[in-house]
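Have a look at the structure below before the remarks.
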Amino acid sequence: MLFYLIGTTTPPSHRTPVDMVDKIPVETIARILQISSFQHDSTKITAETLMMLQDYMEILVREAVLRSIANKEEAEQEGLNRNMQHARLKHENEGMLLTHRDLERIAGLLLLDM
């Protein structure tokens, strides 16, 4: 079974499997750090550190997706989903759809574990 990342403008039939998604660009990570973390313009970060953060972010995103999938499947098995029958049909026909709500359910424990 393949799982797809949502939130893109590409149609579901053209989405990339999670295993084939590119890493977050190093330039993006550097820019985020520069904007949100560094208080002085003279603060520098090495390329090696950026590559390490890139790997860490990939692990964080993959773990979030996997935990969201496991949590959603567990909820379906326990009957906690209000639209359980609809969710099963969707799961069987189109694959599993993860939303921001699925991520919100696991975010607290994920951040504590990381």
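So the sequence shown is numbered by the UniProt record's numbering: it starts at 1 and just counts up by one.
Backbone N, C-alpha and C fix where the C-beta goes; we use that ideal spot for every residue, glycine too.
| Straight-line Cα distance separating Ile-32 from Arg-62 | 20 Å
| request: In angstroms with no decimal places, state the Cα-to-Cα distance between Leu-89 and Gly-95. | output: Confidence in Leu-89 is poor, its pLDDT being 49 and thus under 50, which makes the residue's placement too unreliable to answer from.
| Residue burial classification, Ser-37 (beta-carbon count within 10 angstroms, cutoff 16) | exposed
| Cα-Cα separation between Gly-79 and Thr-46, rounded to whole angstroms | 49 Å
| field | Status (buried if at least 16 other CB within 10 Å, exposed otherwise) for Ser-68 | value | buried
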